[in-house]
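Undergrad: What follows is a single structure, and I will ask about it in a moment.
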Amino acid sequence: PARYFDTKTTEPISFFLSGLEELLAWQPNSNDEFNVSAVPLAKRQPPLHSRRPRTLVCHDMRGGYLEDRFIQGSATRNPYVFYHWRYIDIFVYFSHHTVTIPPVVWTNAAHRNGVPVLGTFITEWTDGEKLCEAFLAGGEEAYGAVAEQLARIAQHYCFDGWLVNIENTLSAAAVGNLPLFLRDLTAWVHNAVPGGLVIWYDSVLKDGTLRWQNELNDENRIFFDACDGLFTNYNWKEEQLERTHLLAGPRKNDVYVGVDVFARGDVIGGGFDTDKSLRLIRQYGLSTAIFAPGWVYEHLGKENFLQNENRFWGSLAEFLPTHSICTLPLTTSFSLGMGTSTFLDGKDEESGPWYDLSAQDIQPLYPELQGRLSTSCCLQDAWCGGSSLQLQGTIPPGEERVAVRLFSLQIPAPPKLFLTLLYKLEGPQPNDFTVALEVTTWDSGTCLEGNPTSLPEPNGRYHPQFLPVPPPGLAKLLAACHRGSHGWTSRCYELELQDCSLRDLSVIVSRQQPSMEETSFTCLLGEVRVLDMASMAASPPQLHSVMASQLWWQ
């Protein structure tokens, strides 16, 4: 069927639903199994409902369902990717179809990095008025059926909820039932999806008029009270932030102040001045919704996209509270889910562009120190997948080393850890440097919940012990430890800890010899793994009853 498979190639594709009839007629069927996310939402700290301002990203690009609709990837050159997951809390996939089901590749990538994904339910123009009249003015049975269907769709495809955007005027009967519909939908979603969310877009008022408020006020508060949050329109001024902060009270983190990166209309910031908007929003303790950050790709072009993307998110970093990983094992090759080649064990196995966000790895922090250090993605060389992580920087005169923080962690330390690192030093004198891992810890008595914006300094700093040969039980799994090929160096370490929690994982680049001169370095990271010895010793579950269907020989 054309909805589920590309008519040209027969490949499975992601899809949307148009109109009320398609929504109400939707049923799971065997053709749509490709669209079910296979990656559970990873745990992270602090959890979504902790008391600090959040960051929502709303992805809206040229109508949606572009190359990202190909569930098994495509040979796309210079595609759009998002990878600053450590800095955001919620990802919304937006389009102007009535029911936007997020393409499963986005859900897989976001979930692997601990970020929930929302689809969009939108009505607009005169068709929207008719649609709303049909299900909202129709009474409890009609709007209840829509709420239940939307929750079933999120549950079936394993994404996390909905942005609701009613951009048309409503009759008195329809607007009277709208808060009841939102309450119904929110209850259904919470029940069907663990941690599920429903967020309302600032559009219609309590009297049914379509008039964007750019704030939370008495005209739209009834809808905010009926769901998990409000996403405001973009044309706000500072006094509106102040009023919103006062009216929201203890729920101020549930107001996502809209920032249009394209800076359309009378807005503060946008583009590379988006930090101006965020500075104000955060002064009032409010969350933010960054709309269409694909501006970097669409406006500045595909060619230098990765550099521009790092510059854009780097300019916002001081206003984006980051997130910690809280489960082991942690293993990543830093792949973005795209490439100009496919690498395996450091070898370029297949040249040619590819794009598959489901293959994106766990992404690190991307630290930048002005003039001292930059962290970026390198497509020209990788250990596995399509890219490696490139660290470029300088060691100042008289200093011995630079520490690059890759991940913040909040994990009770197991008694014994194994760590592996694959790296490649580039530049004129690679032998002038050594590369190693560093782990910092807290006492286990340190309370990790509460207000995670003011975490204490680490009180333990460890350099794991280098193992020339991996222990026999792990030799097969850690084969990389004693094979460095194609210029890659492989290192294996162990670390024994007690009564503490892991806090940071960093890479340390050190000089071999002390020097009073500034020294520049370039280092590619191909893979990092942090493994709990106890769980590695357990044998993996066996696979049974594998079946293949719908085969197409080429």
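In this note's numbering, the protein residues as written are 23 to 576. Heads up, the beta-carbon is just placed ideally off N, CA and C, and yes, glycines get one too.
#1: Would you kindly work out how many angstroms separate the C-alpha atoms of V61 and V139, rounded to a whole number?
#2: Within a Cβ cutoff of 6 Å, which residues of the same chain sit near S96, ignoring the five residues on either side of it in sequence?
#3: Do F246 and V186 have their C-beta atoms closer together than 7 Å?
#4: Only counting the same chain, and skipping five residues up and downstream in sequence, which positions put a Cβ closer than 6 Å to that of C154?
#5: Of the residues V461, E261, L227, D182, which one's Cα is nearest the Cα of H212?
#6: For D282, which residues in the same chain have their Cβ closer than 7 Å to its Cβ, ignoring the five residues on either side in sequence?
#7: Which ranges does the beta strand (DSSP E) cover as unbroken runs of at least 3 residues, wholly within the region 384-455, from first to last along the chain?
#8: So what does DSSP say about H81, is it helix, strand or coil?
#9: Just list the alpha helix (DSSP H) runs in the region 186-216, keeping only unbroken ones of 4 residues or longer that don't cross its boundaries, in chain order.
#10: For the beta strand (DSSP E) holding L546, just list the boundary residues, first then last.
#11: Mapping the DSSP letters down to three states, classify Q572 as helix, strand or coil.
#12: Does the distance from the CB of D554 to the CB of S430 come in under 7 Å?
#13: By a C-beta neighbour count over all protein chains shown, 10 Å radius and 16 as the cutoff for buried, is W222 buried or exposed?
#14: Excluding the 5 residues preceding and the 5 following K298 in the sequence, name in chain order all residues of the same chain whose CB lies nearer than 8 Å to its CB.
#15: Give me the residue from P494, W510, D521 with the minimum Cα distance to T463.
#16: Mind reading off the beta-carbon distance from N130 to S59? Whole number of angstroms is fine, and I expect it under 8 Å.
#17: Quick check: the Cα distance between C399 and L39, rounded to an integer number of angstroms?
#18: Would you list the one or two residues that DSSP bridges to A458?
#19: Give me whichever residues DSSP pairs with L366 in a beta bridge.
#20: Got a sec? Which residues, its chain only, sit under 8 Å from S476 by beta carbon, not counting five neighbours each side?
#21: Is DSSP giving W510 helix, strand or coil here?
#22: Across which residues does DSSP place S96 in a beta bridge pair?
#23: Report buried or exposed for D54, applying the criterion of at least 16 other Cβ atoms within 10 angstroms of its Cβ.
#24: How would you call Q235, buried or exposed, if buried means at least 16 neighbouring beta carbons within 10 angstroms?
#25: With 16 other CB atoms within 10 Å as the buried threshold, where does L252 fall?
#26: Within 10 angstroms of its Cβ, does L268 collect 16 or more other Cβ (buried), or is it exposed?
#27: Using the rule of at least 16 other Cβ atoms within 10 Å of the residue's Cβ for burial, across every protein chain shown, is Q392 buried or exposed?
#28: Round the Cβ separation of Y87 and P50 to the nearest angstrom and send it over; I've been treating them as touching at under 8 Å.
#29: Can you tell me the Cβ-Cβ gap for Y179 and I123, rounded? I've got them flagged as a contact below 8 Å.
#30: Under 8 Å, with one C-beta from each stretch per pair, do the region 395-411 and the region 481-496 reach the 3-pair mark?
#31: Leaving out five residues on either side along the sequence, give the residues of the same chain with a beta carbon under 6 Å from the beta carbon of G150.
#32: Residues in its own chain within less than 7 Å of A556 by CB, not counting five upstream and five downstream?
#33: Helix, strand or coil: which one does DSSP assign to Y87?
#34: What does the Cβ neighbour count give for V491, buried or exposed, with the cut at 16 atoms within 10 Å?
#35: Leaving out five residues on either side along the sequence, give the residues of the same chain with a beta carbon under 8 Å from the beta carbon of H566.
#36: Which partner residues does M360 have in the DSSP bridge list?
TA: In brief:
#1: 12 Å
#2: E89, Y377
#3: no
#4: T145, L192, A196
#5: D182
#6: Y256, V289, G292, F313, A314
#7: 395-400, 410-417, 423-434, 438-448
#8: strand
#9: 194-214
#10: 541-554
#11: coil
#12: no
#13: buried
#14: I290, G291
#15: D521
#16: 6 Å
#17: 36 Å
#18: I530
#19: K369
#20: Bear in mind that the predicted position of S476 carries a pLDDT of just 49, short of 50, making it too unreliable to give a figure here.
#21: coil
#22: Y377
#23: buried
#24: buried
#25: buried
#26: exposed
#27: exposed
#28: At roughly 20 Å, the Cβ-Cβ gap does not stay under 8 Å, so Y87 and P50 are not in contact.
#29: 6 Å
#30: no
#31: N190
#32: P436
#33: coil
#34: exposed
#35: none
#36: Y377
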